[in-house]
Structure formats: C-alpha cells, structure tokens
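The structure appears below as structure tokens.
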Amino acid sequence: MEGLFSKECFHRVAGFQSAAFATWFPSNYAKLHCQNADLVQKLPELKPNFDNSVYSCMSVNFGPAMWSYIHTDSKNDPTVPCTVTAGGTYDRTQGGHIILWDLKLVLEFPPGATIILPSALIRHSNIPIRKGETRISVTQYTA
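When we follow my numbering, the leftmost residue of the sequence shown carries the number 241, and every step to the right adds one.
See below:
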C-alpha cells in the first residue's frame, strides 16, 4: 500500500477529502485532529497514510465495475463521517448512483464527485454501471 499511497493522485484525493471534512464538520475534524496528535505522542512509531489527512484509513476499490450492497460500516467511528470519491468512465445517469436508504435518497454520483456521509449510521449502497464502463472509488474513514 505504501507504493500506492505514495502516488500524487491519492495524496491529492486524501487532502481534498480531509479538507472537505474540515469545512463541513469543523468540530468533529478538530476533535479527530487532537486525538491523532495524542495518539502519535503516545506511539511515535505510528505514521499516517498521508500528511495532509486526519483519516486513519483509506480503501481503494479498483473496479472495473465497483458497486456495493446495502450496508452500514458498523466498525467506523460514528462521529467521523467517511468521504467517498468516485472515479472512472461511466454514464452517471444510467448507473453508479449512491443510495442513502434511511434518507430515501437516490443520488447521481458522477466520476470526480465526493460525498461525505456518516457511513456507520446510514444504510447505503451503489447501483451497478453498464457493461463496458468502469468505476472505482476512494474512501477515507476512521475505525
């Protein structure tokens, strides 16, 4: 994973996602930032995945046609929303939508879009894309 996370594209996505978290959830972000500082002080051998992100975890789903069943991320910290960024080449009107079941919302989720959601609390899923299209996702979270 070090080789993958050393790529500039993942560094940029990580920083953008963390900045979005800071913008829309400033109190939660500040709390996590302080928790991380305390943790590193106690365990200095711990190294973050990215120097520009407060999240402790990143998952990359490479596709080629990534989608998910309805679920919650029950091991994630419920006070820290996850950030999901979509990528690929697909028609957002025909597939790749994100469904927020508890909110009764179906949202187009185009390549390049990022969503911030409390994935430990809200049931969510994605719908498949069409044959021949590609979809990936990059998600940061704290468990």
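C-beta atoms are modelled at their ideal positions from N, C-alpha and C, and glycine is treated no differently.
### Task
Report the rounded CA-to-CA distance for S384 versus Y381, giving the unit in angstroms.
Residue 384 is absent from the model: the chain starts at 241 and stops at 383.
### Query
With a Cβ-Cβ cutoff of 8 angstroms, do D354 and A260 count as a contact?
As written in the sequence, residue 354 is Thr, which differs from the Asp given in the question. Yes. Within cutoff.
### Query
Hey, would you say I376 sits closer than 8 angstroms to G328, going by beta carbons?
Cβ distance < 8 angstroms, so I376 and G328 count as in contact.
### Query
DSSP state of L286, grouped into three classes?
Residue state, collapsed to three classes: coil.
### Query
Quick one: what does DSSP say V300 is sitting in, helix, strand or coil?
Strand.
#### Entry: Outcome for D331 when other beta-carbon atoms lying within 10 angstroms are tallied against a minimum of 16
When all chains shown are included, D331 counts as exposed.
### Query
Of the residues S359, L345, P351, N292, which one's Cα is nearest the Cα of K315?
For the residues S359, L345, P351, N292, the minimum Cα distance to K315 belongs to S359.
### Query
Do V280 and S258 have their CB atoms nearer than 8 angstroms?
It is not a contact, given that the beta carbons lie outside the stated cut-off.
### Query
Leaving out the 5 sequence neighbours to the left and right, which residues in its chain are closer than 6 angstroms to S365 when beta-carbon positions are compared?
If we look at S365 and ignore the five residues flanking it on each side, its Cβ neighbours are S308, Y309, I310, I339.
### Message
Looking at N268: is its Cβ nearer than 8 angstroms to the Cβ of V320?
### Response
Between N268 and V320, the C-beta gap is smaller than 8 angstroms, which places the two residues in contact.
### Task
Output the distance between the C-alpha atoms of A262 and V300, rounded to the nearest integer angstrom.
Looking at the two C-alpha atoms, the distance is approximately 21 angstroms.
### Message
Taking the straight line between their C-alpha atoms, what separation do you get for D291 and F245?
### Response
So the alpha carbons of these two residues sit roughly 11 angstroms apart.
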